[in-house]
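Numbers 4 to 227, taken from this note's numbering, label the letters of the sequence shown in order.
Glycine included, C-beta positions come from ideal geometry on N, C-alpha and C.
Note that the structure is predicted; figures quoted are calculated from it, not measured.
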Amino acid sequence: MINQKKIAGEKACEWIKDGMVVGLGTGSTVYYTIEKLGEMVQKGLNITGVATSIETEQQARTLGIPLKSLNDVTKIDVTIDGADEINQAFQGIKGGGGALLREKMVAQASSKNIWVVGEEKLVTELGKFPLPLEVIPFGWKQIKRMLENDGVETTLRKQSSGEIYETNNGNYILDIINQTFTNPEAWHEKLAGIPGVLEHGLFLHYVDIIICGKASGEIEIIKK
Ligand code: 5RP
């Protein structure tokens, strides 16, 4: 059986050249990108990575990929990341892995953003996948109540142990469920304006290239 995540993840390494500063996303698809970049570094490729999560940082360190923090670079040439859903307008939902805030900051700082996905992530309408909000623990119930009064249903993300899930930044995640995002721009306006919501998982203007691994083994490159 074809591993769609692996073929898409590895393909993205073709965009990485010597001397680049590379944003390293988070998740099970970009995992394969990072493994491959590790091999390339072992063979002499000279890059600097900027990790979007502690998990990615640990993987990259183990593979010997040199890293800098976002604070210590002035530009990022290319960022490779996964996604949870993407529509035909190149708008997506991210944050299934909880790294949306750091991912969006790194995407914003990048000259080019490449998303690596399996074909099931390509959708006509966003919303089958829950939309995460990173919220500060202080008053998170207030944010939940406020959204619910507005007809927006959310669940507080928990770990499999039942403990509240905490992001790398020490915040909570409220996942918006049972909602179709037919007008993502309007949702961006609505969610970005809520005090205590640090970031939402709608990525509307970032991705330049989608690398899609298909069950057939084919890899589709979709450029904006
Ligand atoms: C993490 C993310 C991931 O990129 C997204 O959830 C996709 O992950 P995967 O490649 O494991 O399906 O946004 O915050």
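- Those residues whose C-beta sits under 5 Å from the nearest heavy atom of ligand 1 are, from N- to C-terminal order along the chain, Thr29, Gly30, Ser31, Thr32, Gly85, Asp87, Lys97, Gly98, Gly99, Gly100 and Ala102.
- According to the DSSP assignment, Pro187 belongs to the alpha helix (DSSP H) that extends over Pro187 to Ala195.
- Of all C-beta pairs linking the stretch 53-60 to the stretch 90-98, fewer than three are shorter than 8 Å, placing the two stretches out of contact.
- Across the set Gly30, Ile19, Leu134 and Asn6, the C-alpha of Ile19 shows the shortest separation from the C-alpha of Glu42.
- Taking the CA atoms as reference points, Ile146 sits about 35 Å from Lys227.
- Under DSSP, the beta-bridge partners assigned to Cys215 are Val120 and Glu223.
- Per DSSP, Ile68 lies in no alpha helix (DSSP H) segment and is marked neither H nor E.
- Here the alpha carbon of Leu48 sits roughly 31 Å from the alpha carbon of Ile89.
- For Ile179, the enclosing beta strand (DSSP E) begins and ends at Tyr175 to Ile180.
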